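Contents: one structure, followed by commentary.
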Amino acid sequence: MSDLKPLTPLGGDIARLDQIGVLRIAENPNLAIASLAARKGRSADVAQTVKAALQIELPQPGKSRRTVTHTVWWMGPDQWMLSAEHNAHELLADEVKAIVGDAASVTEQTDAWCCFEVSAHCEHGAASSEAALFALFERLCAVDVSQMVVEDATRTSIHHTGCFLIRKEDGFCVIGPRSSAGSLHHALVEVAGGLG
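In case it helps, UniProt numbering puts the sequence shown at residues 1 to 196.
Next comes the structure, spelled out in structure tokens:
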């Protein structure tokens, strides 16, 4: 029998980490992801059961919510994506389906997406770090990132690739199609390198 070994979305044995000036671009392969779509007329039931089981409210359009264990962001009317650490929640879709029952459809999404955590650490303080992040994403996508606050989430296109962009306390989370991980990573690194 073959000794199978998982690869990261970028094809490595370990996650890729790039430090370019003050910007840090980290591949995060340790994510379990599931989509959640409330069935017709069952939105309130889904919101109630998810909140009771995971202590997290399903966010409104343009928002995300985060607890110690889970992150959820809005995708469309009555649709959300949930993520958690893969090491602790490998069967996230099954866990969510057990919570919502027949009130929603749940689909395993883990191997369909890649995630890059982008942060900045500048010795001149938080304002300089934030400015570096804004400069990066203003060149990458058509989102006014300077107006995004923590827990804002939006769909956008980066390097002709549809992505989710989520504002976090220390930067941004970029979630894109796993099949485009290399192109997405290349765009992040090239633009970061061009900032001087």
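C-beta: ideal position from N, C-alpha, C; glycine also.
Here the structure is a predicted model, which means the values were calculated and not measured.
- V72 has its alpha-carbon roughly 11 angstroms from the corresponding atom of D152.
- When secondary structure is reduced to three states using DSSP, D102 falls in the helix class.
- Your pair L184 and H159 checks out as a contact, with CB atoms roughly 6 angstroms apart and the cut at 8 angstroms.
- Contact check for A84 against R42 fails: the beta carbons are separated by 8 angstroms or more.
- The beta strand (DSSP E) runs of length 3 or more contained entirely in the stretch 120–158 are, from start to end of the chain, 153–158.
- Under the 10 Å beta carbon count, S2 is surrounded by fewer than 16 other beta carbons and is classified as exposed.
- Approximately 6 angstroms separates the beta-carbon atoms of L10 and E27; this is inside 8 angstroms, confirming the contact.
- When C-beta atoms of the stretch 108–127 are compared with those of the stretch 40–57, fewer than three pairs fall below 8 angstroms, so the two segments do not count as touching.
- The three-state reading of DSSP puts A88 in coil, since its state is none of H, G, I, E or B.
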